[in-house]
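J.: So that we are looking at the same thing, I have put the structure below in structure tokens.
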Amino acid sequence: METFDQVLEQYTPMIYSVMKKAKIYKNHEHYRHCATVALWEAWRKYDPTYGPFAPFAYRTMLTTIYREMSKENQYAAHYASYEKDTLTFLAHQKQRKSGESGCPDLFLELAALVTKEEMELLMDIYYYRYKFEELEKKYGVTAHAIRKRRDRLMKRLREKLV
């Protein structure tokens, strides 16, 4: 059997082919290294009863890259730092729960003019900035119905506040 250096030289184009197949667009060196390690493992584990070496090596490298991508995606989802918008949202939510806010008088005035459900709708639309499509699920009505409810509520508030 050939040495691994010879196998690596022969299958280097396949490594780039596997990376292209997996649509790697960042961390090229990391994934090339993973594919090289997978090629070495395939070379070490290969048994001629498996069939030709090339498809065995190809599948081993592709599987290894997909597993590594999956690990990185899980890490990014669970351990990535928060973006500024997320931190701002969390700060607003904490302020609201603790009763602190930049404009408490406005909230108190609005709360006196509308029902609890209407205040919740206003908060969802203007304070938390939910999209109407997201609110469809929460309120169990269509986005059009939520817009109509908001329009009627705003018209009533304008009449009361002016």
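Here the sequence shown is numbered in full-length UniProt numbering, starting from 1 and rising by one per residue. A virtual CB, placed ideally from N, CA and C, is assigned to each residue, including glycine.
Taking L39 as the reference, which of V7, I24, H28 has the closest Cα?
T.: Of the listed residues, the one whose Cα sits closest to L39 is V7.
J.: In angstroms, rounded to a whole number, what distance separates the CA positions of I24 and I125?
T.: So the two alpha carbons sit approximately 39 Å from each other.
J.: Determine the extent of the alpha helix (DSSP H) in which P13 is found, giving its start and end residues.
T.: 4-21 is the span of the alpha helix (DSSP H), which, as asked, contains P13.
J.: In terms of residue numbering, what span does the alpha helix (DSSP H) encompassing M154 cover?
T.: Taken as a continuous stretch (DSSP letters only), the alpha helix (DSSP H) holding M154 covers 143-161.
J.: So, are the CB atoms of R152 and F132 less than 9 Å apart?
T.: Taking 9 Å as the Cβ cut-off, R152 and F132 do not qualify as a contacting pair.
J.: If you draw a straight line from the C-alpha of Y75 to the C-alpha of Y50, how long is it?
T.: Answer to the nearest angstrom: the Cα atoms are 34 Å apart.
J.: Report the residue from P52, P13, E136 whose alpha carbon sits nearest the alpha carbon of A35.
T.: Considering only alpha carbons, the answer is P13.
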